[in-house]
Every structure is written in structure tokens, then in C-alpha cells.
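Inspection log for the structure reproduced underneath, given as C-alpha cells.
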Amino acid sequence: MRWRIAPLRAAGLLIVLCVNAGLLANVATQLASDGSAVADKIDWNVNLTGSVVNATNRRPVESYGQILARPVLFKSREPFVPPPPAPPAVTAPPPPVAVDPGLAVGGVMIKNGLSKAYLFSKAGSGGAWAGEGETFQGWKVKSVNRMGVKLEQAGRSIELSLYPPD
């Protein structure tokens, strides 16, 4: 059996083997040495006398009272922000002003408990007979009597007289 390997693959495999051999040689040299050469190069100087001298010249802890009262990363260190103003009081809108709808009463018919009124528009768009509870041009007829008609729309009411005063 004959192995066929591409030249690029062979070069990659050779590089990986060389890196592994180098790392293995580095580990072997570290295990063989006793490590005394590295420890001799370190110069350790504690200098305790300098730190004791600095301790006598320091400010007392009580002088840091404001800082200790409000630590740096606490929420209490934020600047004062006044609360937002209260929203204005909600007032009910004024009742709508009764505007003349341009309707008029042309006649009233009351017979055997049935009452109807002939309503028409002053603009001349025609008229119709409407009984109590019926609607005419968006206005609901609330009551019909011998003197006129009471109409209601969207919570407001108007009275139309059969014989308007001059």
C-alpha cells in the first residue's frame, strides 16, 4: 500500500512536528534546571521604615467624614434633582354652546296618544314627520306637545316652538 500525501499537507505536518519538538525541548530544560538562577535575580526590599514615617504624617480618618458618609459609587452621591412639577388639574370641558341647528317646526299632530311633528330645515333641504323617539338629521325627538318639540343630540337639548315669539 502506498500513501499519497499532497505536498502542502506534508509541509504543514512537518511544521507542526517541529513546533512540538521545540516545546518538548523547552519543557525538558526547565525540568532539568533547579530554578535557582531565577530566584537570585529578584531584589526584594520591603522598606518598612518608609511606610511607618508616612503613617505619622497622614490626616486622621475623621477628616474624611463627608467622603465616608457618602461613598463614591452609592446612589446618594447623585446631584439633587427636584421632583417634576405636578400635572395640572384636569378640568371638565365647558358644556358646548347650544347652536341653532337650523331646524324649524312646520306643524304638530296629536291624535289618540300618537304625537308627531313636521320638522324641516331652514336651509330648504326638505322636511319629514317625526314621532317621539325617532331621529331627524341627527337629532332625536324627545317630546312633542301642542306648543312645539324638544330635540336632543350628544347630551344637549333644544326646544323648537311651533309659534316662535317675534
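Residue numbers for the sequence shown, in my numbering: 1089 to 1254. Ideal Cβ positions, reconstructed from N, Cα and C, are used throughout, including at glycine. Treat the numbers as computed from the prediction; the structure is a model and nothing was measured.
Residue span of the alpha helix (DSSP H) that contains residue i, given as start and end
{"i": "Tyr1146", "result": "The question names Tyr, yet the displayed sequence has Arg at residue 1146. That residue, Arg1146, is in no alpha helix (DSSP H); it is neither H nor E in DSSP."}
{"i": "Pro1095", "result": "1095-1120"}
{"i": "Leu1156", "result": "1153-1157"}
First through last residue of the beta strand (DSSP E) which encompasses residue i
{"i": "Leu1191", "result": "1191-1199"}
DSSP three-state assignment for residue i, whether helix, strand or coil
{"i": "Leu1207", "result": "strand"}
{"i": "Ile1246", "result": "strand"}
{"i": "Val1232", "result": "strand"}
{"i": "Gln1225", "result": "coil"}
{"i": "Gly1214", "result": "coil"}
Beta-carbon proximity of residue i to residue j, cut-off 8 Å
{"i": "Trp1227", "j": "Leu1191", "result": "yes"}
{"i": "Leu1239", "j": "Val1232", "result": "no"}
{"i": "Ser1203", "j": "Glu1222", "result": "no"}
{"i": "Ser1245", "j": "Gln1225", "result": "no"}
{"i": "Val1178", "j": "Gly1236", "result": "no"}
Proximal residues to residue i (C-beta, below 8 Å), its chain only, five neighbours per side dropped
{"i": "Gly1195", "result": "Ala1205, Tyr1206, Leu1250"}
{"i": "Val1115", "result": "none"}
Residues near residue i in its chain [Cβ-Cβ closer than 6 Å; skip 5 each side]
{"i": "Pro1189", "result": "none"}
{"i": "Met1197", "result": "Lys1204"}
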